[in-house]
Amino acid sequence: MSEATDRPVDADADAWAKACAEDLAAEKARRRGRQGPPPGTAAEELRKLVDAVADKVASLQSPLLGSAAQGAVQQLISQAKSAVEPVIERNPDVFDHLAAAGSELLAAYRSAVESQERRWSQGPKGEGPGPAEHIDLD
1239 MSEATDRPVD ADADAWAKAC AEDLAAEKAR RRGRQGPPPG TAAEELRKLV DAVADKVASL
1299 QSPLLGSAAQ GAVQQLISQA KSAVEPVIER NPDVFDHLAA AGSELLAAYR SAVESQERRW
1359 SQGPKGEGPG PAEHIDLD
């Protein structure tokens, strides 16, 4: 018998599992470093969007508007943020469901468009509409 067959099988399996787990963790860390942090929940992303839009609008202060108009814009921004924030806090799961539904709608739209494009690309020999034929998108 060789030394390879004398070793317990469980030790090799554990070593292999540990090595795989370490490699996977290192790869995830490398990707995180390259791509940045993964996106948060839909509610967190909405909060970030509202903050980014508010910051952008606030930075677009023009000397032509005057201080009264700038004050009105600032008030509008604060009202919008104060209206959105409680909704996000009370219903964070709703935004996750809406994001999932949006993804499903996008997938359905892509499927419909791809099948229509296939029919168009088949030309007059295929079953697709001719050049003067009306296409009903409803």
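When you line the sequence shown up against my numbering, it's residues 1239 to 1376, in that order. Idealized CB from N, CA, C, for every residue including glycine.
Cβ contact check for the segment 1319-1330 and the segment 1270-1287: 3 or more pairs under 8 Å | By the Cβ test, the segment 1319-1330 is in contact with the segment 1270-1287, since at least three Cβ pairs between them sit closer than 8 Å.
Alpha carbon to alpha carbon, what distance is there between glutamate 1352 and tryptophan 1358?
-> When rounded, the distance between both Cα atoms is 10 Å.
Arginine 1268 burial status per 10 Å Cβ neighbour count (16 or more: buried) | A residue is called buried when at least 16 other Cβ atoms come within 10 angstroms of its Cβ; arginine 1268 does not meet this threshold and is exposed.
Can you name, in chain order, every residue of its own chain whose Cβ lies under 6 Å from the Cβ of glutamine 1317, other than the five neighbours on each side?
-> Closer than 6 Å at the Cβ level, and outside the excluded window around glutamine 1317, lies no residue.
Taking the alpha-carbon positions, what's the alanine 1290 to lysine 1266 distance?
-> A direct Cα-Cα distance of roughly 28 Å separates alanine 1290 from lysine 1266.
With DSSP run on the structure shown, which of helix, strand or coil describes aspartate 1374?
-> Aspartate 1374 falls in the coil class under three-state DSSP.
Taking the runs of the alpha helix (DSSP H) that are 4 residues or longer, which of them lie wholly in the segment 1299-1340?
-> Within the segment 1299-1340, the complete alpha helix (DSSP H) segments of 4 residues or longer fall at 1304-1328, listed in chain order.
What did DSSP end up calling glycine 1271 once you bin it into helix, strand or coil?
-> Helix at glycine 1271.
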